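In short: position in the sequence shown from 1, add 50, done, that's the numbering used here.
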Amino acid sequence: MEKNVRLQELAVFSSSKKGSPGSKKAGERHYESKTTNTEEVNKGIYFSYPSRRHSCSLVNIPTPCVSKMIAHIEEVESKIQEHLKQFEASFEECCLQHHITTGASHRLIKIPGKKMVGKRNASEQGNPKVPQPPEGHSKHTMFLSCRMLAKVSHSSYKCQQNTTLIYLLPYLVLSAEKHIIVVGENNKLCTHFVHKQINNTSDEKCPELKKKMETLLSEAVYLIKSLETDRAEAEQALKQQKSRKKRISMKIDSWSIWKLQELPTAVQKEHEMFSKDLEELHSHLEETTQEVEHLEQQKEKLEEANAKIQKDIDYMTHHAPLLEMKRKQELEALKDRYHKKFEVMELFRSVHDELKDSIELCETTKSQLKHMREEDEKDIIQEETNIETYKKELDQLSSLQAHYSTSIESVNVHIEEDEETMTEMLRETQSSTYEVSNLLKNVDDLKKLFDQYSWRQRKLEREYMDALNHYYSSKRTWDIELSDVSKDLTDVSTSYMALAEENKRLHSEIESIIEETGDSIKKKADYEVEIQSLLELKIKNNNYLRQLYKQAYQIGAVYYVARHKTEDLENQIAEVRRKFKTREEFLRRLTRGEMAAGVAIQKRLYTIEETQFMEMQEFLRRKALYTLALTEVELPLRKIEADAVKIRLIHRQHSNMLHEIREKQELVRKKVAATKKKLQRKSKKSRKELTKTEGKGSIIHQEIEFTRNKTIILHAKSIELTREIKIMKLEKINFEDKLEKLKDEFIKLRFDKEHSQGVFDHLKLEKQHCEERIFEEDKMFRKLVEMRQSTLAEIRKLQEDSLAENLRLAMEYQAMQTLFLKEKDTYFNGYDRLLSLNASLCDKKKLCQLQDKLDKQWQEYFRLVILFNQNRLEKFQGDSQDSIQKILQVQAESSSLMQHILDFFQTLTDGSCGKDG
């Protein structure tokens, strides 16, 4: 233990010997590794101890100063040796003379603990006889030459460099006038330079040598003084070193105990920390291995999925040409279908056109049938009128028969009265009976003909009704079929048009939405600008409205004045109306009184009332004109109000220009006066017009009086009409006379009866012509019916064919549409699958890339972690090795220091100055 303590004490000394660079390294290591308290304390000791940087002469006398002095002395010796050969003889002579005179020619140097060594000349070597020292010196003084002194000093400095401790204990003495005497008392140096003049002969012989020697000696003196100061500083440093040695030994003892106690715990703690770090690293490595295994499993799964996808891709690539062929075939099929569709549409259009033509033909046939029906109805009406005429003739004949029967009865009565007349009457009766029998036969024949005609007419009516019913039934069937066809056509066309309109609407909506979005963006910006401008205008308008409200109150007063004037005018107009109303009532009373006079007068009064109504309308029109005039009066008032508003605005805007505003007010007043004058003029004009209306009313009164006169005239005319009625009665009497004349004409009718047979024949001929015409018309009608039936059958066939074709085409279109939709769905599904596969491929590729990047990053991360931990371990190992090396160095240095100290103490005790082994 004592040995270790001593070694630790010496370690501190050796570390102080190394100086600050070692302390810097220790500080750097302390920063890098985990420092201990011992290192911090050592660090403090290292930095507190003075190093060689602070001074070049602390413990060891520095080699630069010694080397300088040795170099100077060697230069002196070399120069002396150069001149010694030249002046040796003269110098010896001088020395001999001086020795003879003084008896002392030796240079003495005292070195303690050594035998006296003397040297007479520089050329002498070895151990010559030592002369006795001069008076006043001790026994231990020794006399040497300058060269020996340099050698001794050099050797002593070398010894000091090796041992690091210096004690200058020599006593250097140079005798007499020519020598340097250095005497050491109590380990202190003092210098005395005694110079005696050499003979003038020697001075004259070597002046250059003297000068050089003086310079060299002055430098040597300076160096010796510096050595003296270095010695004093070395003594102080030695004292400090001793005190520091004691403190360091105490600290080393304490720190050695602390190190022995705390170093194992610190090392154990660090070992535990590193073991924990290693455990964490092991756990982290296990987790990473598990993650790597999981990632490898996922990688295998992804590889399997990628292999499947690759198989699918290969399959798709292998079958890609087939798919392209299929797609091309589908495109060709679609093109064919579109071509067929266009053909079908063309056929549909042609059929539609034919349908339109057939519908037009049906409509034309309908119109023709209607026309034929109307003609038939007209013919029937004519026949009915003919039948009625025949009935009337039969009635006339029956009346004639009755008349004749009455006449026969009267004749029989007259026959009884007058026999003469009987004979005549018998003849007449025979003739009349014959005529009557003939007439009865004719009547029977006519009745038979009438029955035949009526039967034929009924038959024709039945046939006509059957034909009409057949026509209407066929028409209904055609209408139903046409409606079905038209419904199908309308449904197809509506669906097609709806789809087309929807497409157009969607395109238009998309375009409109795009345009509206652009417009809305533009409008938004415009609206924002407009809103800002409107807000500014609102602020301005609010200020302007405040001014206007104030001005409106003033304008309101003017308006109420004008309104009062207009009300006065309206009151005047109302009074005029009242006058006219009284006159109207008077006229109505007159008309009511004159209504009893006659219808003609009443009509004329109605005409007069109409004229009065027209005049009232004219009056109302004039009233409207007057109201327009009032509105025209209001317009300048509004202009005046606008001028007043402008004036007030100018008044508020230009408050400083009061004089000008007053002038403008005067102008405004003048304008108001002018407007008032204008209004007065207009009022005068209105009054004149009112006077004119009053004049017209007087004219109307005059016209009423004129009508009264006319009524009087009409009354006179009514009297004349009564006279004319009387004349008509006379004419009636004349007509009665004419009736008598007509009776005479009746006799003439008998003559007409005689000509009735001719008329009857004529009627027969007309009847035959009518029958022939009816027969021809029946033929024409039958032909037309047959033609129409044939056309209807053809139309039905065409409709059925067209419907069948439409159904077939519709079925084909539906089938094609279903196939197209199925293929479209399959294509889109395949396309969606391709898209999903492409997306999954891209995602999986990205996943693989990310996994590769993650693997690389994880590898780099683990590599960096391992490197970091390796660096930490290497640092820890390096720090531990450095600490171990430090300890070993400290131990070695402490051992070497102990040896040096022991040797030093031995030298002190023995008095010897040997070198360290």
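C-beta atoms are modelled at their ideal positions from N, C-alpha and C, and glycine is treated no differently.
Predicted model, so just to flag it, every value in this text is computed and none were measured.
So residue i and residue j are supposed to be a Cβ contact under 8 Å. How far apart are they, rounded?
i: residue 842; j: residue 528; result: 7 Å
i: residue 405; j: residue 535; result: 7 Å
i: residue 532; j: residue 409; result: 7 Å
i: residue 852; j: residue 401; result: 5 Å
i: residue 919; j: residue 331; result: 6 Å
i: residue 764; j: residue 679; result: Residue 764 to residue 679, Cβ: 42 Å. No contact.
i: residue 380; j: residue 862; result: Their Cβ separation, rounded to whole angstroms, is 17 Å, which puts residue 380 and residue 862 out of contact at 8 Å.
i: residue 433; j: residue 507; result: 7 Å
If I measure Cβ to Cβ from residue i and keep anything under 7 Å in the same chain, skipping five residues before and after, which residues do I get?
i: residue 699; result: 597
i: residue 826; result: none
i: residue 524; result: 842
i: residue 362; result: 887
i: residue 897; result: 352
Taking buried to mean at least 16 other C-beta atoms within 10 Å of its own C-beta, is residue i buried or exposed?
i: residue 519; result: exposed
i: residue 593; result: exposed
i: residue 284; result: buried
i: residue 618; result: exposed
i: residue 761; result: buried
i: residue 301; result: buried
i: residue 950; result: buried
i: residue 856; result: buried
i: residue 576; result: exposed
i: residue 869; result: exposed
i: residue 327; result: exposed
i: residue 669; result: buried
i: residue 291; result: buried
i: residue 907; result: exposed
i: residue 280; result: buried
i: residue 277; result: buried
i: residue 931; result: exposed
i: residue 382; result: exposed
i: residue 502; result: exposed
i: residue 560; result: exposed
i: residue 952; result: exposed
i: residue 530; result: exposed
i: residue 298; result: buried
i: residue 849; result: buried
Residues in the same chain with beta-carbon distance under 6 Å from residue i, minus the five sequence neighbours each way, listed in chain order, please.
i: residue 835; result: none
i: residue 735; result: none
i: residue 622; result: none
i: residue 866; result: 387
Under 8 Å Cβ to Cβ from residue i, same chain only, skipping five residues before and after it: list those, please.
i: residue 359; result: 887, 890, 891, 894
i: residue 333; result: none
i: residue 397; result: 855, 859
i: residue 428; result: none
i: residue 571; result: none
Got a sec: is the Cβ-Cβ distance from residue i to anything in chain D below 9 Å?
i: residue 726; result: No chain D is part of this structure, which consists of one protein chain only.
Taking 8 Å as the cut-off, does the CB of residue i come closer than this to any heavy atom belonging to the ligand MG?
i: residue 759; result: This structure simply doesn't include the ligand MG, nor any ligand for that matter.
For this session: Could you name each continuous beta strand (DSSP E) segment of 3 residues or more that falls completely within the stretch 815 to 841, going from the start of the chain to the end?
Result: none
Exercise. Enumerated in chain order, which unbroken segments of the alpha helix (DSSP H) with a length of 4 residues or greater are wholly contained in the stretch 263 to 344?
Worked result: none
For this session: Mind listing, in chain order, the continuous alpha helix (DSSP H) runs of no fewer than 4 residues lying wholly within the stretch 417 to 446?
Result: Taking 4 residues as the shortest admissible run, the stretch 417 to 446 contains no complete alpha helix (DSSP H) segment at all.
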